[in-house]
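In what follows, a structure is listed as structure tokens, so that the remarks can point back to it.
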Amino acid sequence: VVSGETGDTEQDASVKKKNNKSDDEGKALSAALAKLKGLYTAGYAPVDLCSTMFRVAKYVDVPETVKLQALKEIGFAHMRIGDGAASLLQLAGLLAKLYSIPRQASPANHQ
Numbered sequence: 768v769v770s771g772e773t774g775d776t777e778q779d780a781s782v783k784k785k786n787n788k789s790d791d792e793g794k795a796l797s798a799a800l801a802k803l804k805g806l807y808t809a810g811y812a813p814v815d816l817c818s819t820m821f822r823v824a825k826y827v828d829v830p831e832t833v834k835l836q837a838l839k840e841i842g843f844a845h846m847r848i849g850d851g852a853a854s855l856l857q858l859a860g861l862l863a864k865l866y867s868i869p870r871q872a873s874p875a876n877h878q
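Residue numbers for the sequence shown follow our numbering, beginning at 768 and rising by one.
Here it is in structure tokens:
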């Protein structure tokens with residue numbers, strides 16, 4: 768089925784919509800990484816940043832499965848930082864993993 772004046776099929780329109788969503792998520796991740804780098808260069812300890820992420824993640828209004836996955840990833844990063852891998856790269860990896868956790872449902876759909 769061809770739609771609009773551009774001659775795009777419905778499938779093409781769907782791909783463009785997904786690409787726009789990916790671009791938006793990429794921009795959001797880039798912005799979050801920039802803020803994280805700012806905190807890191809300001810002298811905040813990676814273990815403190817990780818601990819704060821954990822405390823905040825406990826109260827975010829998302830489905831329980833998403834929250835548990837996020838807390839698990841933060842916990843793993845906290846262990847690695849505690850083992851001596853306290854670097855911006857470790858924190859950036861954590862942020863990327865948190866952004867890759869699927870958003871399974873909107874907050875209104877969970878209990």
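For glycine and all other residues, C-beta sits at the position ideal for the given N, C-alpha and C.
I'd like the list of long-range same chain contacts for residue i, defined as Cβ closer than 7 Å, with 5 residues on each side in sequence excluded.
{"i": "LYS864", "result": "GLU840"}
{"i": "ALA824", "result": "LYS834, ALA837, LEU838, ILE841"}
State the DSSP-derived secondary structure class of residue i, mapped to helix, strand or coil.
{"i": "TYR807", "result": "helix"}
{"i": "LEU862", "result": "helix"}
{"i": "SER854", "result": "coil"}
{"i": "ILE848", "result": "helix"}
{"i": "ILE868", "result": "coil"}
What residue does the alpha helix (DSSP H) around residue i start on, and which one ends it?
{"i": "PRO813", "result": "813-824"}
{"i": "VAL827", "result": "It is not in any alpha helix (DSSP H) - VAL827 carries neither H nor E in the DSSP assignment."}
Output needed for residue i: all residues of its chain with C-beta closer than 8 Å, excluding positions within five of it in sequence on either side, in chain order.
{"i": "LEU803", "result": "LEU816, LEU855, LEU858, ALA859, LEU862"}
{"i": "ALA853", "result": "ALA812, PRO813, VAL814"}
{"i": "GLY849", "result": "VAL814"}
{"i": "ARG847", "result": "GLN857"}
Whole angstroms is fine: what's the gap from residue i's alpha carbon to residue j's?
{"i": "LEU835", "j": "ALA798", "result": "24 Å"}
{"i": "GLY842", "j": "THR832", "result": "15 Å"}
{"i": "LEU883", "j": "TYR826", "result": "The shown model of the chain, from 768 to 878, leaves out residue 883, and the question about it has no answer."}
{"i": "ALA795", "j": "SER867", "result": "12 Å"}
Within 6 Å: the Cβ of residue i and any heavy atom of the ligand NAP?
{"i": "LEU800", "result": "As for the ligand NAP, it is missing from this structure, which has no ligand bound."}
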